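Numbering (our numbering), first residue to last: 3 to 455. Accompanying notes for the structure given below.
What follows is the structure, given as structure tokens:
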């Protein structure tokens, strides 16, 4: 009798313990789902806000008469366009083709930056440039209206359109009508047909995008091989394990397979997207859109994590050239070095989460577009001569060899002279062959990082 009673008590305790564990498990899963949903909603409304700000800034840029104000306005437009691209990439819509929207935002940002730099040098905008700015302003106004209309119909939780997807022409996924994915896909389709064509001196100009990528080498890979490459890239050193679950072909300057990877074991983590080049199997782009927690890493440790990640993925002789901090992550840029010269066109970007130090983004498009070993000319103009030439107008901090991109897609082998004048920092580039001044950049240093204009 006593034994039976104790057995009953044991069973009750076991059931109670199991029930508590199951309740806690469900609670944690619910919290994870809610956190993930909240991060997606933040990204959506951030996208809308950044495009709205971009629309306002482009309109102001057309009427600004003062060069200084024009620089501020167009530089801010560049920042808003880049932020909008980031927000768009964080939405749970990796299986849908939104490349036209990404490309348009990149082009608007790059063109704004190009015009800001021109104004900063005291040069007026040409009639053609003013017309281009007006065309971009008009198109961005349409984009803003599309997004405002899309979110205006939301009552509570957005219908993302990731379920109930059907297959359309050429095997392309078709989102349910009225969903966020449906709205963005229609917007993307319109941009493909209506976005203005720009030819100018910049990396997103129409004529520049037709340049054949020099770093994409090797034999063609199959879509199955691309899936295995993506798995190896993501799982190397990671805490969670991922499996490739779907893939599609992506056109563009670097034709690729876009691979979607899902966490193993039913873990409540978002899918990861990895683009693998169809030639050579190079990882072009990687994004893990997981929610980011409170900041725990300092900038120095985050930079070291990025350097370790890039090195472990087979990139050798890389040098960190800059970083840009956002609220919960930091983007670290690294460039290849050849014989002591920094090859700025051959760059990769790694995004580090500041809560755990995990790499949540990687972009090798710059490296794959430009990378090769160059035949460097003899430096008839020496480093000491470059230092002496620059010393007349600034206090020189450093001189080093560099390969820099020019606006016409050519390159120059230069001496990079970093120095200070009037409380500001500048980079002056002298051609290592003849001593001609090729370029001047101002270094903008802020609590969020360092970049140049």
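Think of the CB as a built atom: it goes at the ideal place given N, C-alpha and C, for glycine as much as any other residue. Predicted, not measured: the structure shown is a model, and the values here were computed from it.
Terminal residues of the alpha helix (DSSP H) in which residue 290 lies:
Secondary structure note for residue 290: it is in no alpha helix (DSSP H), with a DSSP letter that is neither H nor E.
Distance between residue 43 and residue 426 (C-alpha atoms, nearest Å):
Within the model, the alpha-carbon separation for residue 426 versus residue 43 is close to 39 Å.
Inter-stretch contact at 8 Å, needing at least 3 Cβ pairs: the segment 213-222 / the segment 58-68:
no
For residue 151, the three-state DSSP class (helix, strand or coil):
helix
One or two residues paired with residue 218 in a DSSP bridge:
Its beta-bridge partners do not exist; DSSP assigns none.
Which same chain residues, not among the five before or five after residue 118, have their C-beta less than 6 Å away from its C-beta?
Excluding its 5 nearest sequence neighbours in each direction, residue 118 has C-beta neighbours in its own chain below 6 Å: 73, 76 and 77, listed in chain order.
If you drop the 5 nearest sequence neighbours on each side, which residues of the same chain put their C-beta closer than 7 Å to that of residue 84?
111
Please report how far the alpha carbon of residue 347 lies from the alpha carbon of residue 411, in whole angstroms.
10 Å
Just grab the DSSP bridge partners of residue 364 for me.
288 and 352
May I ask you to report which of helix, strand or coil DSSP gives residue 106?
helix
Return the chain-ordered list of same chain residues with a C-beta closer than 7 Å to the C-beta of residue 305, the five sequence neighbours on each side being excluded.
322, 325 and 334
For residue 94, tell me which candidate among 67, 181, 149 and 138 has the shortest Cα-Cα distance.
181
Contact check, residue 271 vs residue 247 under 8 Å by CB: the rounded distance?
Their Cβ separation, rounded to whole angstroms, is 13 Å, which puts residue 271 and residue 247 out of contact at 8 Å.
With a CB to CB cut of under 6 Å and the five nearest residues on each side skipped, what residues in its chain are close to residue 282?
218, 219 and 220
Candidates 136, 312 and 370: closest to residue 1 by CA position:
With the chain running from 3 to 455 in the structure shown, residue 1 is simply not present.
Going by C-alpha to C-alpha distance, which of 280, 452 and 189 sits closest to residue 232?
280
Mind checking which residues open and close the beta strand (DSSP E) that includes residue 320?
320-327
Go ahead and label residue 363 buried or exposed: buried means 16 or more other beta carbons lie within 10 angstroms of its beta carbon, across all protein chains shown.
buried
Is residue 224 helix, strand or coil by DSSP?
coil
Please name the residue, chosen from 240, 418, 230 and 89, that lies closest to residue 345 on a Cα-to-Cα basis.
Comparing Cα-Cα distances from residue 345 to each of 240, 418, 230 and 89, the minimum goes to 418.
Let me know the secondary structure DSSP gives residue 202 once reduced to three states.
For residue 202, the predicted model reports a pLDDT of 48, less than 50, meaning its position is unreliable; a value from the coordinates is still stated below. Residue 202: coil per DSSP, three-state reduction.
Counting pairs of beta carbons, one from the segment 350-358 and one from the segment 295-313, are three or more of them closer than 8 Å?
Judged by Cβ distances under 8 Å, the segment 350-358 makes contact with the segment 295-313, as three or more pairs qualify.
Between which two residues does the beta strand (DSSP E) carrying residue 436 extend?
Counting along the chain, residue 436 falls outside any beta strand (DSSP E), and DSSP gives it neither H nor E.
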